[in-house]
Structure formats: C-alpha cells, structure tokens
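Chains X and U, in that order, give the protein sequences. Per this note's numbering, the very first residue in the first sequence carries number 230; after that it's consecutive. Per this note's numbering, the very first residue in the second sequence carries number 46; after that it's consecutive. Every residue, glycine too, gets a C-beta built ideally from N, C-alpha and C.
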Amino acid sequence: MNDCDAILQRLSQYLDNQLPETELSALRQEAAPRPECLAMLDAMLWVHRSLETAPMVETSRDFSVSVTHELIWRQRRDKIFLGGILTLAALIALTPLLLVVWGGLAAALEPGLIQNALSWAVSLISDAATYAVAALTLLRHMPQWAMVSISTFLSLSFLLLALALVMQKAPEQLMASPEIHRQTA
Amino acid sequence: MNNATASTPPSERECLLSAQKGDQQAFAQIVQSYQRPVYNLCYRMLGNQQEAEDATQETFIRAYTNLDRFNPDRKFINWVLTIASNHCVDRLRKRRINWSSLEDDPYVEKIPMPESIDPHRNAERRETSDQMQQWLDQLSPDYRTPVVLLYWYGYSYEEIAETMGISVPAVKSRLHRARKQMAKLITQSQSSRPLATEVPIPAL
Numbered sequence: 230m231n232d233c234d235a236i237l238q239r240l241s242q243y244l245d246n247q248l249p250e251t252e253l254s255a256l257r258q259e260a261a262p263r264p265e266c267l268a269m270l271d272a273m274l275w276v277h278r279s280l281e282t283a284p285m286v287e288t289s290r291d292f293s294v295s296v297t298h299e300l301i302w303r304q305r306r307d308k309i310f311l312g313g314i315l316t317l318a319a320l321i322a323l324t325p326l327l328l329v330v331w332g333g334l335a336a337a338l339e340p341g342l343i344q345n346a347l348s349w350a351v352s353l354i355s356d357a358a359t360y361a362v363a364a365l366t367l368l369r370h371m372p373q374w375a376m377v378s379i380s381t382f383l384s385l386s387f388l389l390l391a392l393a394l395v396m397q398k399a400p401e402q403l404m405a406s407p408e409i410h411r412q413t414a
Numbered sequence: 046m047n048n049a050t051a052s053t054p055p056s057e058r059e060c061l062l063s064a065q066k067g068d069q070q071a072f073a074q075i076v077q078s079y080q081r082p083v084y085n086l087c088y089r090m091l092g093n094q095q096e097a098e099d100a101t102q103e104t105f106i107r108a109y110t111n112l113d114r115f116n117p118d119r120k121f122i123n124w125v126l127t128i129a130s131n132h133c134v135d136r137l138r139k140r141r142i143n144w145s146s147l148e149d150d151p152y153v154e155k156i157p158m159p160e161s162i163d164p165h166r167n168a169e170r171r172e173t174s175d176q177m178q179q180w181l182d183q184l185s186p187d188y189r190t191p192v193v194l195l196y197w198y199g200y201s202y203e204e205i206a207e208t209m210g211i212s213v214p215a216v217k218s219r220l221h222r223a224r225k226q227m228a229k230l231i232t233q234s235q236s237s238r239p240l241a242t243e244v245p246i247p248a249l
C-alpha cells in the first residue's frame, strides 16, 4: 500500500466517524504535496457528501395491488400445477393395477382373448405384406392419374384412421375388431 | 442508524401475524408501508425504473411466501430489505457483466468512461442523485450493496454485515473500495482539471 492509499484508507475511517474531527485537516496536509492524491481525497469527500444528501427515489406505483394480484395468480398456478402432478402420479400408479384388472377380467370373460389378439396381429401383418406385394406389382403397370388418385385416397384414409385411433382407447379398439369377433365366435 | 435488535411495532406485528395466517389484505397494508424504501433500494441497486419495480414486486412476493420464517424480534424493514438486496444482487449477476471482484485492481480502470458522468456537465442538468446513480451503476453488486444500505438506510456496519452475510471488516473494506472507485471515476472525468476547487469540502 503506498502513502496515498494509506491516506485514503484513513479518510474512509474518518468518514465512518472512527477518527477525530481534526484528522481531516491533517490528511489534507499530508496529501497536499501530491496533487493527484489530493484530488482523490477531495473526490472521496465529494462522493461521501453527495451520497449523504441523495434523496430516496419515489414511485407513483402502488405495489400492494399488483402484489396481491400476483400472489393470487401464483397460488392458482401452483394449485393447477400440483393438481396436474398428482393426477399424473395417480395415473402412473394406477396403470399396473388397471392392466392387471383388465387382464383378469379379459381372461375370466374371454379365456382365449389374449391368444386371439396375438394371432389377429400376426395375420394382419401377414395380410399387409401380401397386399403390399400385390400393390407394388399393380403400381408398375398403373397410369399416373390412377397412382395420384390412389395416393390421395390412401393419405386421406390414413389420416382418418389416425384420427380415429387418437379418439379411441386401445382395449376398446381390440374388442371392436371384426377379426377378433370372428375368431372368438 | 437503524436498530437491528428492535422488535416489530405492535400494530405491524398484528398485520404480520394476520398475513402469516394467509390474510392478503393485511399483507397489502405491509406492502403499502414499506414499498417506498424497498423500491428505493431496488432502484439504487439496479439503476433502472422498470427493473426496480419488478424487483420490488418480487421482493414482497418472496417476503409473503417466506413469512413463516420471519422472526418478529427483528425489524420487518431490515428483513425485507435483506430480501430485496439479495434479489437485486442476483439480478445484477444474471446480467452477466464482468464485475470486478474484491481482490481485483480498481474496476474503473477497465471500463470506458461515459460522457454523461462528467460532474461539470451533469451539475447543470441532473440532480445529485442522478449523478450518484450513474456512479453506483459502475460498481459491482458487492460494492453497491453496502453503499446503498449505509447512505440511504443508515445501516450500521453490523447490520450491513448481517444483511450481506459477511464480516464487519469486509464491510469496511468494501465501503472504502466503493468510495475510492467512485472518486476515481470523478477524477478521471475531470481529466486535467483539479477537483479540489470544484467540490464542496465538509467543514473542518
């Protein structure tokens, strides 16, 4: 620490009422031979005095209203979030139970239901492969307008199917399948 | 100077007890009572009106949600100002400005000197508080907090230390460095002109 730093350090102590009143004149005398140090000393005094007299900043805004509104909103948000988390947790917790119950019910009501469902899925894949090979063979000899028409028709069909799948539940879909009904009849 | 050991006044204590039980109207009264000092602290710390308003609102919301942790043996204003200063320091740090640390050389040597902090020009068109705000904005959050708490709220070293979670010697050191940095800003803006003849000197 050089001499000027020591002088400024003592000035800070003086400003914090830790040194006697006479200390300031002594500090100024010590700093006087060095203009830069004296300038820093005076600037620190200026800062201190300006800070001492700086007023409180006013605001016209009434925070009591906005804080109350914000609190109400946050409480609602927290409740909704908590409710969502609890619902999700309940669903996750219930899923194994529901599956077991559904499986038990299905086995009790329709003993061969699971096996039938599996065989239906295998036959569906096998049929789809057959249809695909046939379709490829047809496509080779098909005019362009027909391909466009079929493509449009299939796209629309898949879209409708996707929509229907979204709207339905998987177990209901299986039970509603005509193939299942035919095999279990 | 404030008295950190003083307890909360009875009427205020009733409001706080009601607020602790969930009475938002009671808390609204508390907000009305303390919005001015909290806003001033946020403004002095952040230097921006809009951000200070947001910080003030957030301070009161944090106060409400943590009201059960408030010790009535403390002054409520001290507690809420602690929340405000911590929140403002967090905001300042999120700005990702490369503030100087305590161990660094004076920060003022590393930053460009804005035209607007020339005290000669500002004296004619801005109030002292505006000038102070500009210099405060140049300080790192660690230096700014003790300055605001000391000069605007009359906090003792002990209260500042408690609020900031640092030791009393660290408070003194930061205050000294803050004053020195602000003084350096002034002398740099003065360039060749001596400041001694320009600034009002306290009576000897």
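- In the structure shown, the three-state DSSP call for residue 71/U is helix.
- Under the Cβ criterion of 8 Å, residue 376/X is not counted among the residues facing chain U.
- Take the alpha-carbon of residue 379/X and the one of residue 369/X: they are about 14 Å apart.
- The three-state secondary structure of residue 313/X, taken from DSSP, is helix.
- For residue 288/X, the three-state secondary structure derived from DSSP is coil.
- For residue 371/X, the secondary structure class from DSSP, reduced to helix, strand or coil, is coil.
- Within chain X, the residues 285, 286, 287, 288, 290, 292 have their CB atoms less than 9 Å from the CB of residue 84/U, given in chain order.
- In terms of beta-carbon proximity, residue 132/U stays away from the interface with chain X, with every pair separated by 8 Å or more.
- Residue 139/U: member of the alpha helix (DSSP H) spanning 121–139, first to last residue.
- For residue 275/X, the nearest beta carbon of chain U is closer than 8 Å to its own beta carbon.
- The stretch 214–230 of chain U and the stretch 114–133 of chain U do not touch, with fewer than 3 CB-CB distances between them shorter than 8 Å.
- The closest CA to that of residue 232/X, considering only 291/X, 250/X, 245/X, 269/X, is found on 269/X.
- Sequence-ordered contacts of the stretch 250–272 of chain X with chain U read 253, 254, 264, 267, 268, 269, 271, 272 [C-beta pairs closer than 7 Å].
- For the stretch 230–243 of chain X, the residues whose beta carbon sits under 9 Å from a beta carbon of chain U are, in order, 234, 237, 238, 240, 241, 242.
- Rounded to whole angstroms, the Cβ separation of residue 125/U and residue 79/U is 6 Å, and the two are in contact under 8 Å.
- Cβ proximity to chain U below 9 Å picks out nothing from the stretch 306–337 of chain X.
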